[in-house]
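Residue numbers (the numbering used here): 160 to 290.
Using N, Cα and C, we set each Cβ at its ideal position, and we do this for glycine too.
Quick caveat: nothing in here was measured; it's all calculated off a predicted structure.
Input: a single structure, listed below in structure tokens.
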């Protein structure tokens with residue numbers, strides 16, 4: 160699941176005309192950076208939530224193989240967004256990713272998948288030291 164429903168309030172004027180997930184970094188939308196990480200783990204489904212300027216996010220995602228959840232009229236926050244996605248995600252393990260994180264180096268989803276042990280874990284959180 161990719162979280163893309165935030166208001167982007169700290170982004171100021173950058174989000175006046177478009178939602179934060181569609182802001183370009185390195186010539187690509189933040190959302191593209193997040194979605195490209197899926198290719199190495201081959202998820203069964205990908206769910207993206209949308210709220211602020213949701214029509215733009217939905218339109219942008221039409222060519223992608225994703226399920227878009229509309230969080231209108233209320234932003235559900237991270238936990239609420241994940242809860243709303245559960246009917247689409249099923250009972251298999253779920254990985255979540257914020258759309259505004261751009262990763263360099265090892266794919267974080269591959270790293271999470273390599274450490275995941277369903278026999279001993281209910282959850283796994285990846286923390287990365289900033290350099």
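Environment of residue i [buried if 16+ CB atoms lie within 10 Å]
{"i": "residue 192", "result": "buried"}
{"i": "residue 259", "result": "buried"}
{"i": "residue 283", "result": "exposed"}
{"i": "residue 232", "result": "exposed"}
{"i": "residue 245", "result": "exposed"}
{"i": "residue 160", "result": "buried"}
Rounded C-alpha distance that separates residue i from residue j
{"i": "residue 168", "j": "residue 276", "result": "37 angstroms"}
{"i": "residue 198", "j": "residue 228", "result": "21 angstroms"}
{"i": "residue 253", "j": "residue 175", "result": "32 angstroms"}
{"i": "residue 186", "j": "residue 285", "result": "27 angstroms"}
{"i": "residue 196", "j": "residue 273", "result": "14 angstroms"}
{"i": "residue 223", "j": "residue 279", "result": "34 angstroms"}
Cβ distance (whole Å) where residue i is taken to contact residue j below 8 angstroms
{"i": "residue 164", "j": "residue 210", "result": "4 angstroms"}
Under 8 angstroms between C-beta atoms of residue i and residue j
{"i": "residue 255", "j": "residue 235", "result": "no"}
{"i": "residue 207", "j": "residue 248", "result": "no"}
{"i": "residue 216", "j": "residue 180", "result": "yes"}
{"i": "residue 257", "j": "residue 162", "result": "yes"}
{"i": "residue 261", "j": "residue 189", "result": "yes"}
Open item on the list: Three or more C-beta pairs under 8 angstroms: does that hold for the stretch 253-272 against the stretch 199-212?
Closed with: yes
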